[in-house]
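>
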Amino acid sequence: MSASEKLTLAKQLERLGVNTIEAGFAASSPGDFNSVRDIGQQIQNSTVVSLCRASKNDIDAAVDALSDAKNWGIHTFISTSDLHMKHKLQMEPKEVKSMAVAAVERAKKTTEMWNSVLKTQPQ
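Counted from 1, the sequence shown has number 558 at position 110 by the numbering used here; the numbering is strictly sequential.
Here it is, written out as structure tokens:
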């Protein structure tokens with residue numbers, strides 16, 4: 449989807465009365481950063497959020513992209529399945545928990561609207 453198409457879709461969602469619009473993943477690329485920023489600047493009634501991993505750099509990118517938005521927030525996530533912790537993150541569960549807590553604390557310092565999603569698999 450182009451930046452223009454994303455903005456058009458966000459405006460349509462706002463017209464429909466959607467409360468929260470996840471505009472993209474600001475830290476993933478300069479193009480996504482710009483799309484999140486542009487959507488945040490133009491949407492007035494909905495809350496615009498950026499998805500981000502539970503990391504300082506991702507949270508900071510989301511904050512930078514949305515700093516001019518009227519209503520904004522952060523959706524942060526981290527993998528918590530045994531497989532992901534061991535092979536993807538190469539961390540122990542205690543370390544992952546600390547990382548998640550640190551991310552939520554950082555997000556709470558920047559915005560009142562944040563959501564933490566612990567990504568796992570059904571057991």
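C-beta: ideal position from N, C-alpha, C; glycine also.
How long is the line joining the alpha carbons of residue 456 and residue 529, rounded to whole angstroms?
The residue you call residue 456 lines up with position 8 of the sequence shown. The residue you call residue 529 lines up with position 81 of the sequence shown. One C-alpha to the other measures close to 36 Å.
> Based on Cα-Cα distance, which residue from 478, 465 and 483 lies nearest to residue 492?
On the sequence shown, position 44 is the one that residue 492 refers to. Nearest option by C-alpha distance: 465.
> Starting from residue 525 and walking both ways along the beta strand (DSSP E), at which residues does that stretch end?
Translated into the one-based positions of the sequence shown, residue 525 becomes position 77. Residues 520-527.
> Mind checking whether residue 555 and residue 513 have CB atoms under 9 Å apart?
Taking the first residue of the sequence shown as position 1, residue 555 is located at position 107. Taking the first residue of the sequence shown as position 1, residue 513 is located at position 65. Their beta carbons are not under 9 Å apart, which means residue 555 does not touch residue 513 by this criterion.
> Let me check one thing: in DSSP terms, what residues is residue 497 bridge-paired to?
In the sequence shown, the residue the question calls residue 497 occupies position 49. In the DSSP output, where bridge partners are listed per residue, residue 497 has 470 and 521.
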